[in-house]
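Using my numbering, the first residue of the sequence shown is number 2, and each one after it goes up by one.
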Amino acid sequence: MNSDKIVVVSASVGAGHDGVARELGRRFTADGFTVTHHDFLDLA
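Structure below.
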């Protein structure tokens, strides 16, 4: 099992951004990474 961590940062300005962020998270998780997703607009 991989112990590496990935942070995905996207902006909720359209379904395209959210969809890509979810898919990246899904693929990295499937490869054993721990994924955390943050919305840039929530961080600002």
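By construction, the Cβ of each residue, glycine as well, lies at the ideal position given by its N, Cα and C atoms.
Any C-beta of chain D under 8 Å from that of Ser4: No chain D is present in this structure, which holds just one protein chain.
Cα-Cα separation between Phe41 and Glu24, rounded to whole angstroms: The straight-line gap from Cα to Cα measures roughly 17 Å.
First through last residue of the alpha helix (DSSP H) which encompasses Asp5: Unbroken run through Asp5: none, as it is neither H nor E.
Ser11 - partner residues in DSSP beta bridges: DSSP lists Asp40 as partners of Ser11.
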